[in-house]
Amino acid sequence: MSTATTRILLVDDDDDLLRLLAIRLEGAGYGVLTTNKAEQALAMISRERPHLVITDLRMPGMDGAALFEAIRAMHSSLPVIILTAHGTIPDAVAATNRGVFGYLTKPYDAQELLTQVEQALRLSVIGDSSKRHSASWRARIVTQSPLMESLLAQAQLVAASDASVMLYGESGTGKELLAQAIHQASARAKKPFVAVNCGAIPENLLESELFGYVRGAFTGANKDYIGLVREADGGTLFLDEIGDMPLPLQVKLLRMLEQREVRPLGEAKLHPVNIRVISATHRNLDVEMAEGRFRSDLFYRLKVVALSIPALSERRDDIPLLARHFLHVLADRYQKEVNGFSPEAMDLLIRARWSGNVRQLLNVVEQAVALSTGPIVPLMLIQNAIQTLEDIVPFDEARRRFEADYLTRLLKMTGGNVASAASLAQRNRTDFYKLLQRHSLEPALFK
Ligand SMILES: Nc1ncnc2c1ncn2[C@@H]1O[C@H](COP(=O)(O)OP(=O)(O)OP(=O)(O)O)[C@@H](O)[C@H]1O
Ligand SMILES: [Mg+2]
């Protein structure tokens with residue numbers, strides 16, 4: 153970003169400090185605007201569109217924390233650095249809680265000032281700050297990525313309709329968060345949002361969890377239960393990991409969606425329900441359908457609109473923003489005075505692989521905050537946290553790798569003879585072919 157066009161707004165009730173700060177920043181080539189009143193600052197932001205705000209915390213009238221809240225509400229991508237006297241950092245963190253870019257402690261160090269300013273400015277998108285909004289439906293989704301912005305615009309459109317939505321996205325990309333946001337943006341917002349993880353509930357329990365039961369319907373059913381579908385009545389039912397739903401239950405789910413009625417286990421009566429369904433999966437449902445594990449009629453009913461959440465590695469511009477957001481939230485939760493990353497630590501965060509996406513980033517930051525002993529998270533802590541977590545692959549991925557290795561060994565042993573390989577694996581040839589296809593293994597290559 154060229155500093156010639158970059159404007160910084162300084163807010164402090166101490167005029168001497170304002171002047172000093174202004175001289176220093178102008179000396180570094182920035183355009184500087186100043187005011188000694190937070191109330192005025194808001195008007196100046198709308199008029200002048202600065203790229204960064206540096207504000208004192210304690211001021212008569214509107215204070216720095218309130219100013220920050222107002223900026224968050226109206227100009228969510230405008231970075232704010234808070235100036236604070238020694239000892240008030242926990243207040244600052246508690247007051248602002250999320251999103252504030254950083255703190256400078258008075259008396260500030262000139263170099264530290266310039267470093268923080270540069271880092272903050274990297275976040276600021278020129279000319280865009282006024283367009284940003286943190287409407288409440290999407291308030292929990294922290295992002296500045298254009299990819300995510302266009303996804304959210306689509307999500308908002310879909311929310312207004314009652315269409316079924318299918319969310320695709322690798323594990324940890326924020327599928328559940330987006331499902332909640334769609335619910336919040338919809339006319340159903342005041343009604344319940346009920347999430348069901350179809351992969352986590354044992355097959356025999358899933359049906360009764362979803363559709364409910366009457367007392368005595370099966371052993372252990374000692375009172376009536378209305379079930380999750382009816383709990384979501386009027387609102388949104390989020391079917392997470394829908395790709396894991398067993399086939400017999402898929403039939404029942406489809407019937408329920410078509411007839412808009414639920415029949416609890418052991419009951420003759422049908423109960424009308426009015427729900428919107430949002431489903432999510434990290435599986436490739438085209439493959440699941442091709443291999444007969446997912447019904448296509450159900451698929452088309454659930455996927456009236458499909459939205460794909462990009463992997464974190466496809467929107468690295470979100471990493472600094474998310475990392476700082478998590479850092480502030482966690483520092484607050486752990487009651488620790490950690491308020492930033494060293495430049496090297498941030499660099500590694502930006503470059504890392506992030507196969508576990510936002511969830512993994514959250515875990516890395518959490519581990520770093522828990523172990524950090526100073527105000528700035530050093531490179532070492534990030535390195536360690538990423539290593540420990542990268543070593544652990546998710547269960548599905550581990551199983552996929554194991555299967556691929558196993559099939560490769562069989563093909564090598566049999567010189568690519570599918571019939572012999574299948575019989576060694578005690579599978580029929582058709583099944584075995586499907587397995588090979590799923591792992592893109594070509595038997596001819598093993599001859
Ligand atoms: N853009 C974001 N801003 C803030 N927090 C986020 C964002 N995306 C994800 N998170 C957080 O990351 C974690 C994982 O998100 P979520 O559970 O929605 O992902 P998911 O895609 O459903 O993951 P999984 O496939 O593992 O179930 C949650 O704690 C969520 O709050
Ligand atoms: Mg999830």
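Sequential numbering of the sequence shown, starting at 153, is according to my numbering.
Backbone N, C-alpha and C define an ideal beta-carbon position, used for all residues, glycine too.
When rounded, the separation of the alpha-carbon atoms in residue 373 and residue 358 is 14 angstroms.
Taking a C-beta distance under 7 angstroms as the contact criterion, residue 524 and residue 490 qualify as a contact pair. As DSSP reads the structure, residue 347 sits in a beta bridge with 390. Sequence-distant Cβ neighbours of residue 194 in its own chain, meaning closer than 8 angstroms and more than five residues away, are 219, 222, 223, 226.
Short of 7 angstroms from the beta carbon of residue 430, and not among the five residues preceding or following it, lie these beta carbons of its own chain, in chain order: 317, 319, 331, 334, 388, 390. At least one heavy atom of ligand 1 falls within 6 angstroms of the beta-carbon of residue 327. Closest in alpha carbon position to residue 173, among 355, 469, 233, is 233. CA-CA distance, residue 434 to residue 450, rounds to 17 angstroms.
Here DSSP, grouped into helix, strand and coil, assigns residue 253 to coil.
Assignment of alpha helix (DSSP H) within the stretch 189-240, counting only whole runs of 4 or more residues, yields 190-200, 216-226 in chain order.
For the options 522, 593, 492, the alpha carbon positioned closest to that of residue 269 is the one of 492. Within the same chain, 570 come within 7 angstroms of residue 585 by CB-CB distance, once the 5 residues on both sides are set aside. In the three-state scheme derived from DSSP, where H, G and I count as helix and E and B as strand, residue 258 is classed as strand. In the DSSP annotation of this structure, residue 397 is not part of any alpha helix (DSSP H), being labelled neither H nor E.
Following the DSSP letters along the chain, one finds residue 422 in no alpha helix (DSSP H), marked with neither H nor E. A Cβ-Cβ contact shorter than 7 angstroms links residue 208 with residue 164.
Excluding five sequence positions before and after residue 182, the CB atoms of its chain that fall closer than 8 angstroms to its own CB belong to 155, 158, 159, 160, 269, given in chain order. Distances from the CA of residue 557 to each of 540, 539, 577 were compared; the closest alpha carbon is that of 577.
The beta carbon of residue 396 sits no closer than 6 angstroms to any heavy atom of ligand 2. With a threshold of 16 other beta carbon atoms within 10 Å, residue 549 falls short and is exposed. DSSP, reduced to helix, strand and coil, places residue 460 within a strand of the structure shown. Residue side-chain check: residue 392 places its Cβ nearer than 6 angstroms to a non-hydrogen atom of ligand 2. Counting only runs of 4 or more residues that sit fully inside the stretch 484-553, the alpha helix (DSSP H) segments are 495-503, 509-523, 531-543, in chain order. Remark: the C-beta of residue 434 is in contact range of ligand 1, defined as less than 6 angstroms to any heavy atom. Distance from the CA atom of residue 352 to the CA atom of residue 256, rounded to whole angstroms, is 46 angstroms. Pairwise C-beta distances place the stretch 359-371 in contact with the stretch 412-427, as three or more of them are shorter than 8 angstroms.
In the DSSP annotation of this structure, residue 430 is not part of any alpha helix (DSSP H); the continuous beta strand (DSSP E) holding it starts and ends at 428-433.
The alpha carbon of residue 476 has as its nearest neighbour, out of 404, 466, 439, 529, the alpha carbon of 529. Not one heavy atom of ligand 1 sits closer than 6 angstroms to the Cβ of residue 348.
Taking the C-beta atoms as reference points, residue 162 is found nearer than 7 angstroms to residue 186. In the DSSP assignment, residue 183 forms a beta bridge with 159. Taking a C-beta distance under 7 angstroms as the contact criterion, residue 432 and residue 392 qualify as a contact pair. Burial is judged here by how many other beta carbons sit within 10 angstroms of a residue's own beta carbon; residue 327 has at least 16 and is buried. Setting aside the 5 residues that flank it on each side, residue 347 is surrounded in the same chain by 328, 390, 392, each with a C-beta closer than 7 angstroms to its C-beta; the list follows chain order.
The stretch 500-509 makes contact with the stretch 460-477; the number of CB pairs closer than 8 angstroms reaches 3 or more.
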